[in-house]
Structure formats: C-alpha cells, structure tokens
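Written below as structure tokens is the structure these notes are about.
There are 2 protein chains.
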Amino acid sequence: MTTTQKTMTTQEVADRLVELMRIGQVQQVQEELYADDVTSTEPSHSPVASAKGKIAVMQKGAEFAGMIETRHGGSFSDAVVGGRYFSCAMTLDATFKGKGRMNLEEICVFEVKDGKIVSDQFFF
Amino acid sequence: MTTTQKTMTTQEVADRLVELMRIGQVQQVQEELYADDVTSTEPSHSPVASAKGKIAVMQKGAEFAGMIETRHGGSFSDAVVGGRYFSCAMTLDATFKGKGRMNLEEICVFEVKDGKIVSDQFFF
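Taken in sequence, the protein lines are chains X and U. In terms of our numbering, the first sequence opens at residue 352 and continues consecutively. In terms of our numbering, the second sequence opens at residue 352 and continues consecutively.
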C-alpha cells in the first residue's frame, strides 16, 4: 500500500495558518506548516532575534510567548495571496512581563515552497 | 488665511493606493503618496534594481513600464493593514518585450510615516 499526499497550494497553506492563528495555535502552525530550513526575519528593534531552522524558529516563538504575562486580545486578518507569498495583519493586546500593556500591530509575510513555509518576515 | 492638511492614516494611504492602482495610475501613486526619501526594495532576481529616493523610484517604475509590450490584465487586492504597514497582492498578465507573455503574482508591503509611504518591498 502506498499513500500519496497532495502538496498544499499557497492559498491552502495561508488558510490553514489563519485558521490555527485564530485559535492561538502558533506552535501548531510551526510544527505543521514550517519547512525544516525555514528562516524567520524580525526587524532590528524586535524583542526577539531573527532565526534560521525550524527548531530555532520554534524556540524564538516560545521565547516571545514567555515574555507575555497576560494576553488581553488580538486579531488575525484573512490572508492576501500572491504567487508563492501571502501576508496577513496581526494585532496583539498583551501585558508583557516588566513592560506593561502594549498593543502590537504588524504585517507578516510568508513564503511557501513545495507546500511548506520556507520564510516568514515581520514588519512593525 | 491658513490651510491645514490632516495627516493620512495608514488605512487612508492604503485605500488611496488601492484605488489608484486599480485604475492603473502607478505614477500618480508615487507622486501623491511617496515620501521624498522613499526606498524601494526588489528581490535579487527582479528585472529592475532596488532604488532610493522618490525620483529614482519613479524612474524604476518607468523602466519597468517600458518593458511591457502589451498589458492583458491584472488585479490588485484590498490591503491588509497592521500599524504603520500594509500589504496587497498584485497580479499582472502582460507580454514583455522580447520575453513573451507572463503572469506575475506578488505581495507588496508598504511602510507609512507621517502620512507618506517611506518604503515599499516586493516579494515574488
């Protein structure tokens, strides 16, 4: 018996990411949709550093999550899709440990290759 | 007599850009919405090079337009807005001089400061 798995399109990857982000499953996004050699690019003023490789990118996500004391709310837009790339707008209203309450707003760009996310980049 | 002009929000800049792009007024977008010190970042495989400064960016736009023999169609998505940034998906179905017909699909990210676009970046 053989099993075949259809490669997801950019739109399918985008829809699954949005679905998971809206229920707060950030780690599941990375486990399920990220390629092993993914790169994650943060702006120089980000509280977390850019990372390369799925394990390092997941550690970065965990590091950021660990900075949050209380999550008050947030939102994740539908994706706009263009070829191998898609982007979303994200907001996060949270109290950060030792830093108080902040409302983050950003644009995220994702690159898809062979049905997996091979890069993400954040703009804020 | 004094006149005051309200600084446009990111959403207002995004809406105006989308409105102009949908009627093909790329040059008007740059003239009206771009800051004098805007930077425009293209991927390394782009047929046109990244540019810095409104005049150079407009020249880049004209250079790209000059490569098109016939424009068959295209689309420009609504913008998703996150803080000072917004992004759109764009398609262009065109015949390029000496290269034949191609369907370009890309994501564009724009950064707004004081009501003007201070950077754009293209992903394809």
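Beta carbons are placed, not taken as given, at the ideal position from N, Cα and C, and that holds for glycine. From a predicted model like this one, the values you see are computed outputs, not experimental measurements.
Simplified DSSP state of residue i, which is helix, strand or coil
i        : result
U:Gln356 : coil
U:Gly451 : strand
Host beta strand (DSSP E) of residue i (start-end)
i        : result
U:Gln472 : 467 to 474
Rounded straight-line distance, which links the Cα of residue j to that of residue i
i        : j        : result
X:Glu456 : X:Phe415 : 15 Å
X:Ile419 : X:Ser426 : 16 Å
U:Thr358 : U:Thr390 : 20 Å
X:His423 : U:Gln472 : 32 Å
X:Gly433 : U:Arg373 : 16 Å
U:Ala400 : U:Leu384 : 21 Å
X:Phe461 : X:Tyr436 : 6 Å
U:Asp387 : U:Gly466 : 12 Å
X:Ala365 : X:Gln410 : 22 Å
X:Lys405 : X:Ile468 : 10 Å
X:Ala445 : U:Ala407 : 41 Å
U:Phe475 : U:Lys464 : 25 Å
U:Lys448 : U:Thr442 : 18 Å
U:Ser395 : X:Ser470 : 16 Å
X:Arg452 : U:Val431 : 24 Å
U:Arg367 : X:Cys459 : 22 Å
X:Thr392 : U:Gln378 : 31 Å
X:Val476 : X:Leu371 : Because chain X spans 352 through 475 in this model, residue 476 of chain X falls outside it and cannot be assessed.
X:Thr361 : X:Asp429 : 13 Å
X:Cys439 : U:Ala440 : 11 Å
U:Gly375 : U:Gly412 : 12 Å
U:Lys403 : U:Ser397 : 16 Å
Bridge-paired residues (DSSP) for residue i
i        : result
U:Gly325 : Any question about residue 325 of chain U goes unanswered here, given that chain U covers just 352 to 475.
Requested in this report: Scan the segment 356 to 431 of chain X and note each continuous alpha helix (DSSP H) run of 4 residues or more that stays entirely inside, going in chain order.
Outcome: 361 to 373, 377 to 384, 405 to 418
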